[in-house]
Amino acid sequence: ITSVGGVEVTGLRVEGGSQAIYVSAAEATLSDVYVSRPSSIGILVVGQSAATLVDTWVEEPQSVTVGDYDLGYGISAVGTAANPAGVSMEGGGIIAATTVGILVEGTNLVLDQVSVSATVVDSHSYFGRGVQVQGYSTLDIRGGSYAENADAAVFAIDSVSVLVSVHGGAGS
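In terms of the working numbering, the sequence shown opens at residue 55 and continues consecutively.
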């Protein structure tokens, strides 16, 4: 998705494909979207893009080896300190990713009642993290479930601001 204006996608089902949904230089809203078994990354947001994901699911991203690591991310977003990407996710989640369920760098990330579960280690036995934020990112978790991941539910490194709160129900 590359656009000067806003783009709305509703009810889309995607199976397979490398970087199944790619958002660049756009404001995109994805509602009721389901991505199954993408190769490497389910949803990729790059640059100064903004993505709002409502009841969007990524299930079983397939692992692809790149150098010393495997990529099998549900969602990844990459911006910079000066030009951060933005991802806001309401409901939905990531199931059975390899390495990291949600990985962002230089991104403002909001997770509202999101589920990230069953993330596994890669073929080198690395990671298995639910959510990883790094490099001038912000993370605001508003409840949800982050369970049964092989490593940390939430991992933050390198100039990151993290806010975790529970709104209107129990989070885990």
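A virtual CB, placed ideally from N, CA and C, is assigned to each residue, including glycine. Bear in mind that the values here come from a model prediction, so they are computed numbers and not experimental data.
Buried or exposed by the 16-neighbour rule on C-beta atoms within 10 Å, applied to residue i
i: Asn137; result: exposed
i: Val120; result: exposed
i: Leu84; result: buried
i: Asp124; result: buried
Alpha-carbon spacing of residue i relative to residue j, whole angstroms
i: Gln102; j: Ala82; result: 12 Å
i: Gly146; j: Ile129; result: 12 Å
i: Thr161; j: Thr192; result: 6 Å
i: Pro92; j: Gly126; result: 8 Å
i: Val164; j: Val158; result: 11 Å
i: Val87; j: Leu66; result: 5 Å
i: Ser117; j: Gly197; result: 28 Å
i: Tyr76; j: Val100; result: 8 Å
Minimum Cβ-Cβ distance from residue i to chain B less than 8 Å
i: Ala210; result: Protein chains in the displayed structure number just one, and chain B is not present.
Assigned secondary structure, residue i (DSSP; H/G/I helix, E/B strand, else coil)
i: Glu114; result: coil
i: Val214; result: coil
i: Asp122; result: coil
i: Phe209; result: strand
i: Thr192; result: strand
Residue i, enclosing beta strand (DSSP E) - first and last residue
i: Ser142; result: Ala139 to Glu144
Expected contact under 8 Å - CB spacing of residue i and residue j to nearest Å
i: Ala139; j: Ala131; result: 4 Å
i: Gly184; j: Ala207; result: 4 Å
i: Val187; j: Val218; result: Their Cβ separation, rounded to whole angstroms, is 12 Å, which puts Val187 and Val218 out of contact at 8 Å.
i: Val170; j: Gly155; result: 4 Å
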